[in-house]
Structure formats: C-alpha cells, structure tokens
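Enquirer: Questions regarding the structure given below will be posed in turn.
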Amino acid sequence: MRIGPRVEGRLITAATVNPKKAHLLRYPVDNFALELPARRVTSLTRRGKHMVFATELGGGGQPRWLVINPMLGGRFQIVGGDAPVPATEVFTLRVEGKQELRYLDFRDMGRIYWVSECSRDVPAWDGQGPEADSVGQMGLDVFRKRLRRFRDELKDLLRNQEFLAGIGNAYSDEILFEARLLPLRRRTSLKPEEEEALFRAIPLVLSRAVEAILANPNYDESKQDRTFMSVHMKGGKTCPRCGHRISQLGSNREPLNFCRGCQL
Ligand SMILES: [Zn+2]
Numbered sequence: 036m037r038i039g040p041r042v043e044g045r046l047i048t049a050a051t052v053n054p055k056k057a058h059l060l061r062y063p064v065d066n067f068a069l070e071l072p073a074r075r076v077t078s079l080t081r082r083g084k085h086m087v088f089a090t091e092l093g094g095g096g097q098p099r100w101l102v103i104n105p106m107l108g109g110r111f112q113i114v115g116g117d118a119p120v121p122a123t124e125v126f127t128l129r130v131e132g133k134q135e136l137r138y139l140d141f142r143d144m145g146r147i148y149w150v151s152e153c154s155r156d157v158p159a160w161d162g163q164g165p166e167a168d169s170v171g172q173m174g175l176d177v178f179r180k181r182l183r184r185f186r187d188e189l190k191d192l193l194r195n196q197e198f199l200a201g202i203g204n205a206y207s208d209e210i211l212f213e214a215r216l217l218p219l220r221r222r223t224s225l226k227p228e229e230e231e232a233l234f235r236a237i238p239l240v241l242s243r244a245v246e247a248i249l250a251n252p253n254y255d256e257s258k259q260d261r262t263f264m265s266v267h268m269k270g271g272k273t274c275p276r277c278g279h280r281i282s283q284l285g286s287n288r289e290p291l292n293f294c295r296g297c298q299l
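Numbers given in my numbering equal positions in the sequence shown, counted from 1, plus 35.
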C-alpha cells in the first residue's frame with residue numbers, strides 16, 4: 036500500500052512513542068511527542084535507504100524532517116485508529132482522517148531522526164551517491180566513470196551507499212546474479228562488457244522487484260517476502276538459470292547467496 040497519498044498534505048494530530056522502543060529514536064522522546072503534533076506532512080519521499088517525511092507547521096513555515104532508515108526490520112503501517120497496536124510498534128502518529136501511521140520494528144535496528152537539516156543531522160547524508168534506480172537515466176558512460184572510482188569487491192561496492200544509494204544485502208545478491216558476476220570479484224577485475232552487464236542488471240532487478248511486490252495482493256511486508264528473488268535466501272536450492280546448487284556465505288540472518296555455476 037502506498038503511504039504517500041494517505042499522509043501528504045495532512046495534519047498530524049498526536050504522536051506517541053512506545054517507551055520500550057524509545058531508544059530507537061535519535062532524539063529526546065518527550066520533544067518528539069510534543070513537536071510532531073500540529074505539523075503537516077508536506078511530502079513523503081525516499082533518499083537511499085531513508086524514508087523522508089517533510090513537515091511544516093500547520094499554518095506553514097519552520098520545515099522539519101522525520102527521517103527513518105528502517106534497516107532490516109522496520110515497517111510502516113497505516114491503519115484506522117481502532118486497529119490493534121502490534122508489540123513491535125515504535126511510534127504512532129495520528130493523522131487527520133482518523134488514520135494512524137505507525138512505525139513498527141521487529142529487529143530494533145531502525146534509525147529515526149527528527150531534524151531541521153538532514154545534511155547536518157543525519158549521519159552520512161551528504162555522502163550518499165545517486166539513487167540506484169536512477170542508473171538507467173544516468174547512462175552507461177556516466178555509470179562506468181562512477182564505477183571506476185571504487186575498488187571494492189562487487190558485493191561491498193553495491194552496498195556502498197556512496198556508490199549508489201538504496202541497495203542492501205538482498206538486492207546486491209540479485210543484481211550480481213542477473214549480471215552473472217561473482218560477489219567477491221574486485222571491481223578492478225571487470226572487463227568493459229561486465230561493467231555493462233552490471234549497468235543493465237541494476238535497473239532491471241529493481242524494477243522487476245517493484246512489479247513483483249505490487250502484483251502480489253497477499254504481499255506481507257512484515258514477513259519480508261523474498262520468494263520472488265532468484266538466489267537471495269535460496270542457499271542450497273537449485274539455480275533457476277543453470278540448475279547448479281546455490282551457494283551461501285555468511286549467516287542465515289544476513290546471507291550472501293550466489294551461483295558458482297553461472298556467475299563468473
Ligand atoms: Zn546458476
């Protein structure tokens with residue numbers, strides 16, 4: 036469900052914080068609960084891994100931003116005020132129209148900032164590279180130039196927010212599978228045609244994922260559904276492309292998956 040249209044332009048009428056989860060707020064809790072009410076959400080956008088709620092006073096002016104990096108277990112819920120509050124609730128904003136916007140976190144890893152200047156108050160904000168989903172518009176030449184500024188292993192490179200903003204563990208596995216590149220290859224070892232394969236894989240994997248998620252009426256965000264993915268979380272299963280067994284490195288919680296049969 037798209038949250039933006041349900042909160043944009045609306046007034047926040049109340050804010051509460053779950054005392055058991057208050058430590059996730061990078062801001063004094065009392066102020067958070069006092070300062071959000073009577074503000075209007077002017078827009079909801081994404082920057083890299085952050086969801087950015089722009090707000091201003093109800094009568095206009097004094098902009099401030101609620102910036103949330105949900106990490107692995109953070110989710111947003113928008114429901115009628117009478118819906119039961121899950122134990123994973125971190126905070127709830129009551130929004131005009133008898134709705135509640137809730138931020139839930141089942142891993143307590145999310146980062147929540149309430150700031151008057153993102154670039155000063157959100158760590159590593161200014162270092163974020165272009166959005167990963169802008170790679171198509173960037174074009175191959177610009178992408179290549181950008182790519183060649185980094186020397187990391189490909190898996191680390193894709194997760195490096197300074198290279199491109201927004202890609203995490205799961206999508207880096209999927210992108211490398213699509214591009215047929217092994218995750219521990221160094222960027223410096225890529226041939227020009229492999230750079231191009233990476234360039235093509237990024238937008239393809241991201242747009243396919245959005246389609247798969249939107250097309251699934253039963254998609255449950257809280258279950259972190261990865262069933263549409265090819266290799267991520269599929270360690271030990273059969274590669275859909277070549278039939279080889281999918282490899283896994285790292286922990287079950289944060290695995291690195293790839294296929295030795297068809298990734299080079
Ligand atoms: Zn394979």
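Glycine included, every Cβ here is placed at the ideal spot set by N, Cα and C. Treat the numbers as computed from the prediction; the structure is a model and nothing was measured.
Let's see if you can read the secondary structure: which residues bound the alpha helix (DSSP H) around serine 154?
Expert: 153-156
Enquirer: To which residues of the same chain is leucine 92 closer than 8 Å at the C-beta, ignoring the five residues directly before and after it?
Expert: Ala73, Arg74, Arg75
Enquirer: Going by C-alpha distance, which of Ser78, Arg82, Ala57 is nearest glycine 162?
Expert: Cα-wise, what sits closest to glycine 162 is Arg82.
Enquirer: If we count the other Cβ atoms within 10 Å of its Cβ and call it buried at 16 or more, is leucine 284 buried or exposed?
Expert: exposed
Enquirer: Between the segment 134-142 and the segment 171-190, are three or more C-beta pairs nearer than 8 Å?
Expert: Contact annotation: the segment 134-142 does not touch the segment 171-190, with fewer than three C-beta pairs closer than 8 Å.
Enquirer: Are the beta-carbon atoms belonging to threonine 77 and threonine 127 less than 7 Å from one another?
Expert: no
Enquirer: Does the beta carbon of glycine 296 fall short of 6 Å from some heavy atom of ligand 1?
Expert: yes
Enquirer: Are the segment 38-54 and the segment 115-132 in contact at 8 Å, needing three or more beta carbon pairs?
Expert: By the Cβ criterion, the segment 38-54 is in contact with the segment 115-132, since at least three pairs of Cβ atoms, one from each stretch, lie closer than 8 Å.
Enquirer: Would you check whether ligand 1 has a heavy atom nearer than 6 Å to the C-beta of histidine 267?
Expert: no
Enquirer: Given the structure, does arginine 276 come close to ligand 1, in the sense that its CB is under 6 Å from one of the ligand's heavy atoms?
Expert: yes
Enquirer: Compare the C-alpha of arginine 146 against each of Val125, Pro165, Glu152, Glu166 and name the closest.
Expert: Val125
Enquirer: Roughly how many angstroms separate the alpha carbons of leucine 233 and glutamate 213, rounded to a whole number?
Expert: 8 Å
Enquirer: Measuring CB to CB, does aspartate 187 end up less than 7 Å from arginine 222?
Expert: yes
Enquirer: For histidine 279, count neighbouring Cβ atoms within 10 angstroms of its own Cβ and tell me buried if that reaches 16, exposed if not.
Expert: exposed
Enquirer: Cβ of histidine 58 within 6 Å of any heavy atom in ligand 1?
Expert: no
Enquirer: How close, in whole Å, do the beta carbons of tyrosine 62 and tryptophan 149 come, if the pair is a contact with beta carbons under 8 Å?
Expert: So it is a contact: roughly 5 Å between Cβ atoms.
Enquirer: Which residue's Cα is closest to the Cα of arginine 261: Cys277, Gly96, Arg243?
Expert: Arg243
Enquirer: Provide the residue(s) that pair with tyrosine 148 in DSSP beta bridges, ordered along the chain.
Expert: Val102
Enquirer: Cβ atoms of leucine 211 and alanine 167: under 7 Å apart, would you say?
Expert: Not a contact, by the Cβ cut-off of 7 Å.
Enquirer: Would arginine 155 pass as a contact of glycine 108 if the rule is Cβ separation under 7 Å?
Expert: no
Enquirer: Taking the Cβ atom as the reference point for each residue, do aspartate 176 and valine 266 lie within a distance shorter than 7 Å?
Expert: no
Enquirer: Cutting at 6 Å between CB atoms, please list the residues of its own chain near methionine 106, excluding the five before and the five after it.
Expert: Met144, Gly145
Enquirer: Have a look at the DSSP bridge pairing and note the partners of proline 112.
Expert: The sequence as given places glutamine at residue 112; proline does not occur at that position. DSSP lists Arg137 as partners of glutamine 112.
Enquirer: With hydrogens ignored, establish whether the beta-carbon of histidine 85 is closer than 6 Å to any heavy atom of ligand 1.
Expert: no
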